[in-house]
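Q: Structure below; questions to follow.
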Amino acid sequence: MRTQITEMFGLRVYTERAVFIGSVDDVVLDVDQKKIASLAVSELNPEIGEIKGYTGLQIPFRIVKSVGDIIIVRHIPGLFKVPEKED
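To convert a position in the sequence shown, counted from 1, into this note's numbering, add 17.
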């Protein structure tokens with residue numbers, strides 16, 4: 018997976034189960050390892066869980082599965098709740 022860091026800004030982030038998380042606000046670099054450490058995500062979906070008081074979330078880059086028109090991350094049970102379907 019190769020992409021320019023600047024192309025990630027503003028991309029919408031979803032889990033592999035199609036749960037919207039938010040939009041990439043910044044990219045955190047590990048300069049010593051010369052790699053991306055995490056994605057700073059803002060505009061969080063209020064339905065994904067207990068995030069009260071936080072304006073953003075850092076998602077470890079190791080759980081990113083794909084970067085394209087959107088970013089897809091692994092779904093971690095308990096971290097990203099699947100919104101309940103209405104009857």
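All C-beta atoms in this analysis are idealised placements derived from N, C-alpha and C, irrespective of residue type, glycine included.
Can you list, in chain order, the residues of its chain whose CB lies under 8 Å from that of residue 51, leaving out five sequence neighbours each side?
A: Position 34 of the sequence shown, counting from 1, holds the residue named residue 51. Nothing meets the Cβ criterion.
Q: On the three-state DSSP scale, how would you describe residue 78?
A: Within the sequence shown, numbered from 1, the residue matching residue 78 stands at position 61. Correct three-state label for residue 78: helix.
Q: Quick one: using the 10 Å Cβ neighbour count with 16 as the cut-off for buried, is residue 41 buried or exposed?
A: For the purposes of this step, residue 41 is taken as residue 24 along the sequence shown, with counting starting at 1. Answer is buried; the Cβ neighbour count reaches 16.
Q: Pull the bridge partners of residue 87 from the DSSP assignment, please.
A: Reading the sequence shown from its first residue, position 70 is the one you call residue 87. DSSP lists no partner for residue 87.
Q: Residue 11 lies in the beta strand (DSSP E); which residues open and close that run?
A: Here the chain has residues from 18 to 104 only, and residue 11 is not among them.
Q: Measuring straight from C-alpha to C-alpha, what distance separates residue 44 and residue 37?
A: Start at 1 with the first residue of the sequence shown, and residue 44 comes out as number 27. Start at 1 with the first residue of the sequence shown, and residue 37 comes out as number 20. Distance between the alpha carbons of residue 44 and residue 37 is about 18 Å.
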